[in-house]
Amino acid sequence: MDILVIGGGGREHALVAAFRKNKDVHTIYALPGNGGISDIATCVPIGTKELDKIVLFAKEKQVDFVVVAPDDPLVLGLVDLLEEQKIPCFGPNKRAAIIEGSKVFSKNLMKKYHIPSASYQVFTEVEAALEYANSCPLPSVVKADGLALGKGVVIATNREELCQAIESMMVEKKFGSSGNSVVIEEFLIGPEVSVLAFTDGKTLVPMVSSMDHKRAYDLDRGPNTGGMGTIAPNPYFTVAIQERCMQEIFIPTMEAMRSEGRPFKGCLYFGLMLTPVGPKVIEYNCRFGDPEAQVVLPLLESDLLSICMAVANESLDSKQVKFSTDAACCVVLASGGYPVSYQTGKEISLNPLKDGVSLYHAGTKKDGSRLLTSGGRVLNVVATAPTLRQAVDKAYRGVDSVTFEAMHFRRDIGQSALQA
Ligand code: AMP
Ligand code: GLY
1241 MDILVIGGGG
1251 REHALVAAFR
1261 KNKDVHTIYA
1271 LPGNGGISDI
1281 ATCVPIGTKE
1291 LDKIVLFAKE
1301 KQVDFVVVAP
1311 DDPLVLGLVD
1321 LLEEQKIPCF
1331 GPNKRAAIIE
1341 GSKVFSKNLM
1351 KKYHIPSASY
1361 QVFTEVEAAL
1371 EYANSCPLPS
1381 VVKADGLALG
1391 KGVVIATNRE
1401 ELCQAIESMM
1411 VEKKFGSSGN
1421 SVVIEEFLIG
1431 PEVSVLAFTD
1441 GKTLVPMVSS
1451 MDHKRAYDLD
1461 RGPNTGGMGT
1471 IAPNPYFTVA
1481 IQERCMQEIF
1491 IPTMEAMRSE
1501 GRPFKGCLYF
1511 GLMLTPVGPK
1521 VIEYNCRFGD
1531 PEAQVVLPLL
1541 ESDLLSICMA
1551 VANESLDSKQ
1561 VKFSTDAACC
1571 VVLASGGYPV
1581 SYQTGKEISL
1591 NPLKDGVSLY
1601 HAGTKKDGSR
1611 LLTSGGRVLN
1621 VVATAPTLRQ
1631 AVDKAYRGVD
1641 SVTFEAMHFR
1651 RDIGQSALQA
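If you read the sequence shown in my numbering, its first letter stands for residue 1241, the second for the next number, and so on.
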């Protein structure tokens, strides 16, 4: 079988590595891929938003299966175009990907179907939003409606910050048309949990839970990033909480999407907060999380490709999805200055990694025999081990094998989980 994976970050490297375990897989094309993915797949220099070119490529190469990993092509409708051409693929279509593509849609969905989430107001006019900002409770959370590279969320602790966030989204258009509407919502408190789930629209199977570390610096300080590291499983997510989430959040969300005529097929990501009154949804994503996939997929013992194909042909109920009882830790190595401003093109020096430690590339590119940085998040060092403590220690020992100028990483990935 020949498969095509859309995307070129650490998540996609972890996906390609998991697909490589299937002996029936012959060629894997990664579009656009990166410097590390190119060691195990054929990289294709096409952008993830060049939908027509992607479909043409898949047809020309007669690939047997396409996996669409990033949010942009999903929200733009790549799956619809592939399905029109009868090319089997994994990922939600445009009507379903809106669960991530529009926060207004997802908040309204949760309200309509009584899925627990923060209370909220939607604004399409800046004047009304600013008026509300004068009297709403503090802190409040302002969210741009559309995609914003994970950066369209501001937690405002005072009215000035709140008004500034509204103006930067709605007037200055910091996130372009994503800020045409904003959601202002209640500030929630509690441990955060990420849960990825396979669903074919009728059956939903949660994967092992994980914990992201979104802030740039240790002790959860600094600006929000796409994610500076992850651990799995998340110790806060007990069996009892998982059961409650299944009943109150996971299954109701899948059924709500079906009732709306938007059945969701693919990986549904639940960003949860375990508040004192129970688990609530912070956000949905219509795809594998990054860097959540980098700790979840190495723990998957079942064959990923056959699960993805079962999702595509709506036979997930017949599939076994088994995870190891081990723990995993991922430390993201970023360019100094990420996520604000950073330089690329720095040469990366790599020493061989010990057994049980993997290196997934996020923003790297090859230049002859040299490996260079090409993005904000550069590399992911991932370790699995029987306990979380061992996985964390092993991942940080792996970090010692990598250097590049101005390399930045958090030294506390997994610490709050170890104290849980
Ligand atoms: P999001 O991009 O929606 O995942 O939001 C980014 C981060 O902002 C989340 O991981 C939370 O830490 C925080 N956040 C989002 N919404 C809320 C909320 N209603 N209350 C408290 N924190 C929030
Ligand atoms: N790590 C969060 C995300 O993938 O959106």
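Note that the Cβ used here is the ideal one computed from N, Cα and C, for glycine as well.
Since the model is a prediction, treat every value here as computed from it, not as a measurement.
6 angstroms Cβ shell around residue i - same chain, five flanking residues per side excluded
| i | result |
| --- | --- |
| T1364 | S1421 |
| P1328 | F1305, A1552 |
| F1649 | V1571, L1573 |
| S1408 | K1414 |
| Y1578 | G1616 |
| A1635 | C1569, V1571, V1621, A1623 |
| G1390 | G1466 |
Residues that residue i bridges to, as DSSP identifies them
| i | result |
| --- | --- |
| Q1361 | I1424 |
| I1243 | I1268, F1305 |
| V1644 | It should be noted that the sequence gives Phe, not Val, for residue 1644. Per DSSP, none; premise fails for F1644. |
| M1451 | I1471 |
| F1510 | V1435, Y1524 |
| Y1457 | R1461 |
| F1504 | F1504 is not bridged to any residue. |
| A1568 | A1472, T1624 |
| L1318 | The partner list for L1318 (beta bridge, DSSP) is empty, contrary to what the question assumes. |
| F1649 | The partner list for F1649 (beta bridge, DSSP) is empty, contrary to what the question assumes. |
Contacting residues, own chain, Cβ-Cβ under 7 angstroms from residue i (five flanking each side not counted)
| i | result |
| --- | --- |
| V1265 | M1241, I1243, F1259, L1545 |
| C1548 | V1307, F1330 |
| L1402 | A1373, S1380, V1382, A1396 |
| S1359 | E1425, E1426 |
| R1629 | L1658 |
| N1474 | V1433, S1449, S1450, M1451, A1657 |
| P1285 | P1272 |
| L1370 | C1403, I1406 |
| A1472 | V1448, S1449, S1450, V1535, V1536, L1539, A1567, A1568 |
| T1267 | D1242, T1282 |
| Y1582 | S1575, G1576, G1616 |
Bounding residues of the beta strand (DSSP E) (the contiguous stretch that carries residue i)
| i | result |
| --- | --- |
| P1446 | 1444 to 1446 |
| G1250 | Unbroken run through G1250 is the alpha helix (DSSP H), 1250 to 1260; no beta strand (DSSP E). |
| E1661 | In the structure as shown, the chain begins at 1241 and stops at 1660. Residue 1661 is therefore absent and cannot be evaluated. |
| S1598 | 1597 to 1601 |
| S1380 | 1380 to 1384 |
| V1622 | 1617 to 1625 |
| R1610 | 1610 to 1613 |
Residue i, DSSP secondary structure in three states
| i | result |
| --- | --- |
| T1493 | helix |
| G1518 | strand |
| A1533 | helix |
| L1389 | coil |
| P1579 | coil |
| C1376 | coil |
| V1284 | coil |
| E1407 | helix |
| E1587 | strand |
| V1394 | strand |
| V1632 | helix |
| L1556 | helix |
| L1573 | strand |
| L1540 | strand |
Cβ neighbours of residue i in the same chain (closer than 8 angstroms, five flanking residues each side left out)
| i | result |
| --- | --- |
| M1497 | A1336, I1339, L1349, G1441, P1503, F1504 |
| R1461 | R1455 |
| V1642 | L1573, I1588, S1589, L1590, N1591, L1599, L1619, V1621 |
| G1518 | P1356, R1484, E1488 |
| V1561 | F1438, V1445, M1447, L1540, S1542, I1547 |
Bounding residues of the alpha helix (DSSP H) (the contiguous stretch that carries residue i)
| i | result |
| --- | --- |
| K1347 | 1343 to 1352 |
| K1413 | Run containing K1413: none; DSSP gives neither H nor E here. |
| D1607 | It is not in any alpha helix (DSSP H) - D1607 instead sits in the beta strand (DSSP E) that spans 1604 to 1607. |
| A1298 | 1291 to 1300 |
| M1549 | 1544 to 1552 |
| L1658 | 1655 to 1658 |
| I1222 | Absent from the model: residue 1222. The displayed extent of the chain is 1241 to 1660, so no value can be given. |
| Q1482 | 1479 to 1485 |
Residue i: CB within 8 angstroms of a non-hydrogen atom of the ligand GTP
| i | result |
| --- | --- |
| P1531 | Absence of the ligand GTP is noted for the structure shown, with the ligand AMP and the ligand GLY being the only ligands found. |
Any C-beta of chain B under 9 angstroms from that of residue i
| i | result |
| --- | --- |
| V1344 | Here there is only one protein chain, and chain B is not present. |
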